[in-house]
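K.L.:
One structure follows; several queries about it will come next.
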Amino acid sequence: MVRLVVLFLLLVQFNGYTQNKFLNEKPPVFPNCNGTEIDSLQACFDRNVFNYIYENFKLPQIVINENYKGRITVLFEVDKTGNFKVIYVDAFYNELKEEVKRVFKQLPKITPATYNGRTTFKQYSIPIQIPLVKQTPNTTDLQTEKEISKLEIAAKQEFDNVKNGIEPYNNKRFSSELNIQFVHSNYAKFDRAINVIGTNSHTASKPFLYSEVSEYYNFEKEYEDLKKETKTWAGKKLWNEHLVQLQSKDYWFTIDPVFDLQVGKDTDADFNSTYNNTRGFVIQGGLGKKFNFYSAVFESQGRFADYVNRYAESLKAFGPDPAIIPGRGIAKRFKTDSYDYPVAEAYLSYSPAKFLNIQFGHGKNFIGDGYRSLLLSDVASPHPFLKLNTKFWKLKYTNTFMWLKDVRDEVVEDKAFLTKYVANHYLSWNVSKRFNLGLFESVLWTNSNDRGFDVNYLNPIIFYRAIEFETGQGAGNALLGASAKYKFTDDINAYGQFILDEFSLSDIKGGEKSWKNKYGYQLGLKYYNAFKVDNLLLQVEYNRVRPYTYSHNTIVLNYGHNNQSLAHLWGANFSELILIGRYRLNRWFADAKFIFGNRGLDYNDGTDDYSYGGDIYRDYNDRPFDTGVEVGQGIKTKSFYANLQAGYLINPASNLKIFTDVTVRNFNPSATTTTTFDNNTLWFNFGLRTDLFNWYFDF
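First residue of the sequence shown? That's 730 in the working numbering, and the numbers climb one at a time after it.
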């Protein structure tokens, strides 16, 4: 009986406390709510907050571009002084979070809540629908204890991390000033998004910045869609995340291992198998919002298909090193029939203003909308560069300064490789929504006469051709070029390039096919979502370059680096037709490439040592004749190259892939020499690769 009396008294006391609690509690009051009945004050507060958000909230551009529909949930409080304070925001885009904070920061100071006559803070949870709709607030829905509790837990976790100097990692890379690693198959993912009619994008100067492409393509959504459900630390690191990822208010960085582990078989080779064994790491991150850094180190050993090994050894540098691995760098002998080739790449990226990005590093660049580039390509080894990208109105202006090496025996100075310099201008102009025009200018010079790096070429807007005349016509090698792109529809666009090394109008009119007319051109077409199949890209491209283009009478002034071309992989004196198909479905991908080529090669057999214009490293004065010069002269060679590849993306954060491919190559010259002969290759390959760069074996 005593227990029942005690329980009754406790219930009466609790009920009285609850009633008093609500009777003695008064919500925050907006000025226009003064005089409102006490029972209606909360509804008046809610209505004012909702109306203010509706009238002042501005949708970020990325939300509009992606046609995003969803909900933001905001946990906020009105403190004891009547100021609004955002505690936590749950939203899909960081841009939405920032906009919520901006709007709440502008809310006016109001009369704070009171309890028992004393000022107190009051917490609320409010949903915001995207797209914005003028909502009628429902106080019960907005302030459920369960909803506030969930957000409080998330907010406390975030606060604890920040207190320890760490925030939840939220992929700041996707909006950073870092380069998107230039890999043709990866760029195909967002190629259509930045090429649709109506965008003021510039697509030729590569690699792109994440901050540029994120205006047109939602990397965060792609990443979330590809995520695998896993609860273990090992599972997250394998399938979804960087190995190390740390972030605070002022910095972020990630660390990932790098692998390129391949094993294969060349049926035409004498050795048992091919392989590549690359290990390394990549570090990338940012300090503040405008400064980013990237560094990758690769330690590699490999033995490739026989035609690749022979080509690598034909690029041999001065000294004991037996080869230059195309696209990578100088190699040492490993065991008896393999190569050891370390590579390092790094750059700093800084955007002091929205219209300007500055990069200094050791790597590669590319100019063009096609698979090949006749202006500047990424087929040569990495090299030091300084690049300025300036973007305003309908223009994007790219200045690239490069420090290159000529590594041949005949140009070595004091047992050191000869340094040469290149300065490029590329101006991209969106003439209309459909048509883009690009103008290119380049000059290359050496350290002759203690010239060093000529400061004349540091002027980003000067005409290099005029400077070449001022410093002496033999002082440098200048090239001019142009590019164009036309968008027929959102799914079909055409592109092209023209490179001009030298030109004689009188010889063109005379029909003599003079050697002086050194030029090349490219024509291409891309078909996105081909035949209404999502994520299927089809591409056709034709390239043709006349003999002696990119070469020079001063042997070191050719347009090359480390015995490789800075433009097309084949040098000059060729024509080719390329057919490419790319398809992806979630984490699966497949690529097909077919190349039909005609080339003219030198004999170099002791009886005919003339230059027929294909080798850009030869002096063009060694030509056999001045007129009647045609593409394919010399040893006429037909070639066919096909590569089929399929694979699975293991980790979208590091771009780790497992793949298998098969390469078919038929090389049929019209004459046989010690270095040029019939060769038919069938090369099978299987591997695990962190895909960070293009590797061209289609020579």
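A virtual CB, placed ideally from N, CA and C, is assigned to each residue, including glycine.
Spatial neighbours of Lys787 within its chain, please: C-beta separation below 6 Å, excluding the five flanking residues on both sides.
P.N.:
none
K.L.:
Indicate the three-state DSSP secondary structure (helix, strand or coil) for Leu1286 in the structure shown.
P.N.:
helix
K.L.:
In angstroms, rounded to a whole number, what distance separates the CA positions of Phe903 and Asp1390?
P.N.:
30 Å
K.L.:
Go through its chain and collect everything with a Cβ distance to Lys1322's Cβ below 6 Å, but skip five positions before and after it.
P.N.:
Non-local C-beta neighbours of Lys1322 in its own chain, meaning closer than 6 Å and more than five positions away in sequence, comprise Ile1309 and Asn1372, ordered along the chain.
K.L.:
So, for Leu967: in the same chain, excluding its five sequence neighbours on each side, which residues have a beta-carbon less than 6 Å away from its beta-carbon?
P.N.:
none
K.L.:
So Glu906 and Leu861 are supposed to be a Cβ contact under 8 Å. How far apart are they, rounded?
P.N.:
Contact doesn't hold; Cβ gap of about 31 Å is too wide.
K.L.:
For a quick check, are the C-beta atoms of Phe1169 and Gly1210 less than 8 Å apart?
P.N.:
yes
K.L.:
For chain D, is any of its Cβ atoms less than 8 Å away from the one on Phe805?
P.N.:
Included in the structure is just one protein chain, with no chain D present.
K.L.:
Just checking my contact of Lys994 with Phe1413 at CB under 8 Å: how many whole Å lie between their CB atoms?
P.N.:
5 Å
K.L.:
Is Asn761 buried or exposed, if buried means 16 or more other CB atoms sit within 10 Å of its CB?
P.N.:
Per the 10 Å Cβ criterion, exposed.
K.L.:
By Cβ distance below 6 Å, which residues in the same chain neighbour Ile1087 in space, the five residues on each side in sequence not counted?
P.N.:
Tyr1079 and Leu1117
K.L.:
Roughly how many angstroms lie between the CA atoms of Phe1227 and Val1037, to the nearest whole one?
P.N.:
C-alpha separation (whole angstroms): 29 Å.
K.L.:
Starting from Leu1166 and walking both ways along the beta strand (DSSP E), at which residues does that stretch end?
P.N.:
Phe1164 to Thr1175
K.L.:
Touching or not, the stretch 1158-1167 and the stretch 919-935, by the rule of three or more beta carbon pairs under 8 Å?
P.N.:
Touching, per the Cβ criterion.
K.L.:
Using the DSSP secondary-structure output, state which residues sit across from Ser934 in a beta bridge.
P.N.:
Ile1096
K.L.:
Just checking my contact of Asn900 with Tyr952 at CB under 8 Å: how many whole Å lie between their CB atoms?
P.N.:
6 Å
K.L.:
In angstroms, rounded to a whole number, what distance separates the CA positions of Ser961 and Asn969?
P.N.:
Correcting the residue type first, residue 961 is Thr in the shown sequence and not Ser. Each residue's alpha carbon lies about 11 Å from the other.
K.L.:
Under a Cβ-count criterion, where at least 16 other Cβ atoms within 10 Å of its own Cβ denotes burial, should Asn1350 be classed as buried or exposed?
P.N.:
exposed
K.L.:
Assuming contact is defined by CB atoms lying nearer than 8 Å, are Asn1380 and Asp1420 in contact in what I supplied?
P.N.:
no
K.L.:
Please report the distance separating the alpha-carbon of Gly1056 from that of Val1262.
P.N.:
Roughly 34 Å between the two C-alpha positions.
K.L.:
Whole angstroms is fine: what's the gap from Lys965's alpha carbon to Lys1093's?
P.N.:
32 Å
K.L.:
Assuming Val696 contacts Pro757 (C-beta within less than 8 Å), just tell me the rounded distance between them.
P.N.:
Because the chain here runs from 730 to 1428, residue 696 falls outside it and cannot be looked at.
K.L.:
According to DSSP, is Val891 part of a helix, a strand, or is it coil?
P.N.:
Residue confidence for Val891 is low, a pLDDT of 48 falling below 50, so the modelled location carries little weight and cannot support an answer.
K.L.:
DSSP has Gly1210 in a bridge; who is on the other side?
P.N.:
Phe1169 and Ile1228
K.L.:
For Ser1171, which residues of its own chain have a beta-carbon under 6 Å away from its beta-carbon, when the five flanking residues on both sides are left out?
P.N.:
In the same chain as Ser1171, and ignoring 5 residues on each side of it, the C-beta atoms closer than 6 Å to its own belong to Asn1153 and Leu1208, in chain order.
K.L.:
Using only the alpha-carbon positions, how far apart do Ala1213 and Thr1119 sit?
P.N.:
19 Å
K.L.:
When you compare only the Cα positions, how much space is there between Arg921 and Asp954?
P.N.:
Approximately 19 Å, taken between the alpha carbons.
K.L.:
So, with DSSP's three-state summary, where would you put Val942?
P.N.:
helix
K.L.:
Answer with buried or exposed for Leu836, where buried requires no fewer than 16 other C-beta atoms within 10 angstroms of its C-beta.
P.N.:
buried
K.L.:
Using DSSP with H/G/I as helix, E/B as strand and the rest coil, what is Asp1429?
P.N.:
Because residue 1429 is not part of the residues shown, which for the chain are 730 to 1428, the question remains open.
K.L.:
Of the residues Glu784, Val992, Tyr853 and Ala1223, which one's Cα is nearest the Cα of Ala933?
P.N.:
Ranking the options by Cα distance to Ala933, first place goes to Ala1223.
K.L.:
Tell me the rounded alpha-carbon separation between Asn1423 and Lys851.
P.N.:
CA-CA distance, Asn1423 to Lys851, rounds to 57 Å.
K.L.:
By Cβ distance, which residues of its chain are closer than 8 Å to Phe1232, with the 5 residues on each side in sequence left out?
P.N.:
Lys1245, Asn1246, Lys1247 and Tyr1248
K.L.:
Taking 8 Å as the threshold, find out whether the stretch 1018-1034 comes into contact with the stretch 1060-1070 through three or more Cβ pairs.
P.N.:
yes
K.L.:
Starting from Gln1293, follow its DSSP beta bridges and name the residues at the other end.
P.N.:
DSSP lists His1290 as the bridge partner or partners of Gln1293.
K.L.:
Buried or exposed for Asp1138, please, with buried defined as at least 16 other CB atoms from any protein chain shown within 10 angstroms of its CB.
P.N.:
Exposed, by the Cβ-count rule.
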